[in-house]
Every structure is written in structure tokens, then in C-alpha cells.
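Enquirer:
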Amino acid sequence: MAKVVEVGRICVKTRGREAGRKCVIVDIIDENFVLVTGPKSLTGVRRRRANIDHIEILDKKVEIQKGASDEEVLKAIEEAGLADFMREPVRIARVSPFTL
-7 MAKVVEVGRI
3 CVKTRGREAG
13 RKCVIVDIID
23 ENFVLVTGPK
33 SLTGVRRRRA
43 NIDHIEILDK
53 KVEIQKGASD
63 EEVLKAIEEA
73 GLADFMREPV
83 RIARVSPFTL
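The numbering used here applies: residue -7 is where the sequence shown begins, and numbers increase by one.
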């Protein structure tokens, strides 16, 4: 199943210090990278480039324009009634490289 990478799609970061936090795809950089934001005031994810292999795409989507500001993303999340959903972290199972 191919990931549906599109602007406005909600996803969960699976790697890095923000692993388990939800974010929104704001822009598609190329076939490997997207620009995501939480926004930081809502989920703790700051605006940054993310590898698509390090995010898990969810079935929810908000209506935003490509390159939307954090304020516009926050407004779209609140209008869709997803603010509480976005605040809830997801538990990510960590795999130790020494157990392989």
C-alpha cells in the first residue's frame, strides 16, 4: 500500500526526538522529504523537513493551502475539531539495534 502523501494530511513522527507526536504535512519537497509542522504550540513539533520513511500517514486530513503558516494550520485543525486528537501522543515501540 502506497502512502498518500499530500498537503494537509495528518501524520505521526516515528523517529527522532519528536517520535510519537502528530503533525501536518505543509509542503512536499521531493519524493523523499516533506515539510511538517505540529504546530509547536499544539503538539510540540516545530516546522521542519521530515523524511517520509520517518512518518506514519494517518487517514485524517485538514484543508490548508501549500506552505500554510503555523497560525493557518492551527486554525484549520480547530475548525475540523481535531485539536484534542492532535494533542494526544502515540506510543512508538522502540527497537534496539543490539537485539537484531
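For each residue, glycine too, the CB sits at the ideal point set by N, CA and C.
For the alpha helix (DSSP H) containing Phe77, name the first residue and the last one.
Expert: Element bounds for Phe77: 75 to 79.
Enquirer: Under the rule that 16 or more other beta-carbon atoms within 10 Å means buried, what is Ile17, buried or exposed?
Expert: By the 10 Å Cβ count, Ile17 comes out buried.
Enquirer: Spell out a yes or no on whether the region 60 to 73 and the region 40 to 47 are touching, meaning 3 or more CB-CB pairs, one atom from each, closer than 8 Å.
Expert: With the cut-off at 8 Å, the region 60 to 73 and the region 40 to 47 do not touch.
Enquirer: Beta strand (DSSP E) containing Val37: first to last residue?
Expert: Premise fails: Val37 is in no beta strand (DSSP E) and is neither H nor E.
Enquirer: Note down, in chain order, each residue of its chain lying with its Cβ closer than 8 Å to the Cβ of Ile69, except the 5 sequence neighbours on either side.
Expert: Same-chain partners within the cutoff: Val16, Leu34, Val54, Ala75, Met78.
Enquirer: Measure the beta-carbon distance from Met19 to Val(-1) and round it to whole angstroms, keeping in mind my assumption that it falls under 8 Å.
Expert: For the sequence presented, residue 19 should be read as Asp rather than Met. Yes, Asp19 and Val(-1) are in contact; Cβ-Cβ is about 7 Å, under 8 Å.
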